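Here the protein sequences come in this chain order: A and B. Under this note's numbering, the first residue of the first sequence is numbered 1, with each subsequent residue one higher. Under this note's numbering, the first residue of the second sequence is numbered 1001, with each subsequent residue one higher. C-beta atoms are modelled at their ideal positions from N, C-alpha and C, and glycine is treated no differently. Because the structure is a prediction, the values reported are computed rather than measured. To start, the structure itself, in C-alpha cells.
Protein chains: 2
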Amino acid sequence: MEKNILIVDDDRRILKSFKDILEPEGYSVDTAETALEAVEKCRARPYNLAIIDIKLRDVDGTDLLAQVHEILPRARKIMITGYPSLENAVDSVNLQADAYIIKPVNPDTFLKVVAESMDKQLEAEQMTEDKVVGWVESRYDETRRNRSKRKPMGPELLPNAEE
Amino acid sequence: MEKNILIVDDDRRILKSFKDILEPEGYSVDTAETALEAVEKCRARPYNLAIIDIKLRDVDGTDLLAQVHEILPRARKIMITGYPSLENAVDSVNLQADAYIIKPVNPDTFLKVVAESMDKQLEAEQMTEDKVVGWVESRYDETRRNRSKRKPMGPELLPNAEE
C-alpha cells in the first residue's frame, strides 16, 4: 500500500532532513518550498499526509492548510512550527489540522506522529471500503433471495436439461 | 434528517443558554454536566456533534475530547473555553477537535460554527453513502453485462413465451 507524504517548508535543509528520516521507513516523500508549489503538487497527486511548516515565504502555513484541506479533504495534515502561538494553534484546530508539532522535534517523536496519522488515514479509507463491501454483499444476498422466490428457472436448471 | 448535539459544561446556566440558542434552529440537544455523564450519553446515542467545555468538574475537557473521539470517531467535536492557552489549543489539535471557540462567544458566531460543523458531518456521512451507492450501481451493471453474455434466456424471455 502506498504511503505518500508531501512536506512543505521554506528551508531546504529541513526538507532534506525530514526526507532522510521518512524514506527509510517506507514512505514516498515529495517536497515543496512554497505554498504555490504545494498546491500544484496536491492537485496532481492524492497524498495521504501533508506536513506543513507554519512560516512559509509566500503565505502563512495555516492559509496553506485551508487550501490543502479543500483540495485533499481526506488527507491528514500535520502542522509544524518553531514559533508556537495561541493564535496559530487555534487556527490549526479551526482549519482542520490533525496534529501540531513544536520544533525542535526529535526524529522518534516525529516518526511516531507521522505513523499514527498515516495509520488513521489508511484506516479511514479502509473503513469506507469495508462499508462498501458490506453493503454490496448484503444487497447481493437480498437480491438472490428475492430472485429465488419469484424467478422461473432457466432451461439449464430444469431436471431434464441436466441429463 | 436528525441533527443531534451533546453539550458538556459544568455550569447549568450555560447549558440552558446554549440549548435555548440551538433548539429553535432545529437541533436536538442533550446536555451533560460531567465527563462521566457525557461518556454514558455518547455510548447510548450517535451524536453528530459534541460541544465540550475545556474546564469540567471531573476531568480536563481535552481528556473528554479523546474519549468522545474514541466512542464516536465520526462525530464533530467543538471545544469551547473561557481560559484559552497554547497548551489546551495544541492538545485540541492533537486530540482531533474540529473547532476551538473562545468565550464569551456571541450567539451568531456560535450558531455559524455549529452549522458549519454540522454541515461537514452530514456531508461526510452522505459522501460515504454516495460512494456505496455508486459502487453498488457499477457492480450491478457489470454483473448484468456479464450475465447477458453467458446466460441462456429463461422461458419468460423466449419469443413464444411472450405471446
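*Contact under 8 angstroms by Cβ, Thr166 of chain A with Lys103 of chain A*: The question about residue 166 of chain A has no answer, for chain A in this structure spans 1 to 163.
_Stretch pair the region 115-133 of chain A + the region 60-79 of chain A: three plus CB contacts closer than 8 angstroms_ = yes
*Going straight from the alpha carbon of Tyr1027 of chain B to that of Ile1007 of chain B, what length do you get?*
Working through the second sequence from its first residue, we reach residue 1027 of chain B at position 27. Working through the second sequence from its first residue, we reach residue 1007 of chain B at position 7. So the two alpha carbons sit approximately 12 angstroms from each other.
_My output table needs one value for Val1029 of chain B: the three-state DSSP class, helix, strand or coil._
Position 29 of the second sequence, counting from 1, holds the residue named residue 1029 of chain B. Note: Val1029 of chain B maps to strand in three-state DSSP.
*The alpha helix (DSSP H) enclosing Asp91 of chain A, as first and last residue numbers*: Here residue 91 of chain A refers to the residue found at position 91 when the first sequence is read from its first residue. Asp91 of chain A -> alpha helix (DSSP H) spans Leu86 to Asn94.
_Between Lys103 of chain A and chain B, is any beta-carbon pair separated by less than 8 angstroms?_
The count along the first sequence starts at 1 and reaches residue 103 of chain A at position 103. So, not an interface residue.
*Roughly how many angstroms separate the alpha carbons of Thr164 of chain A and Lys19 of chain A, rounded to a whole number?*
Beyond the ends of chain A as shown, which are 1 and 163, falls residue 164 of chain A; an answer cannot be given.
*Hey, out of A:Glu87, A:Ala44 and A:Ser17, whose CA is closest to Asn106 of chain A's CA?*
Along the first sequence, read from residue 1 onward, the residue named residue 106 of chain A stands at position 106. Taking only the C-alpha atoms, the option nearest Asn106 of chain A is A:Ser17.
*For Pro84 of chain A, decide whether its Cβ has a neighbour in chain B, counting only Cβ atoms nearer than 8 angstroms.*
Within the first sequence, numbered from 1, the residue matching residue 84 of chain A stands at position 84. So yes, Pro84 of chain A belongs to the interface.
*Under the assumption that Val1093 of chain B contacts Ala89 of chain A (Cβ atoms under 8 angstroms), give the Cβ distance between them as a whole number of angstroms.*
Numbered from 1 along the second sequence, position 93 holds the residue referred to as residue 1093 of chain B. Numbered from 1 along the first sequence, position 89 holds the residue referred to as residue 89 of chain A. Right, the Cβ-Cβ distance comes to about 6 angstroms (below 8 angstroms), so this counts as a contact.
*Hey, is Leu1111 of chain B close to the ligand ADP, as in C-beta under 7 angstroms from one of its heavy atoms?*
The ligand ADP is not part of the structure shown, which contains no ligands of any sort.
_Beta-carbon separation (whole angstroms), His69 of chain A vs Leu95 of chain A, contact threshold 8 angstroms_ = In the first sequence, the residue the question calls residue 69 of chain A occupies position 69. In the first sequence, the residue the question calls residue 95 of chain A occupies position 95. Yes, they are in contact, since the Cβ atoms of His69 of chain A and Leu95 of chain A sit about 6 angstroms apart, within 8 angstroms.
_If we define contact as Cβ-Cβ less than 8 angstroms, is Gln67 of chain A a contact residue for chain B?_
Taking the first residue of the first sequence as position 1, residue 67 of chain A is located at position 67. No, no contact with chain B.
*Below 6 angstroms CB to CB, which residues in the same chain sit around Asp11 of chain A once its five sequence neighbours on both sides are set aside?*
Translated into the one-based positions of the first sequence, residue 11 of chain A becomes position 11. Answer for Asp11 of chain A: no residue qualifies.
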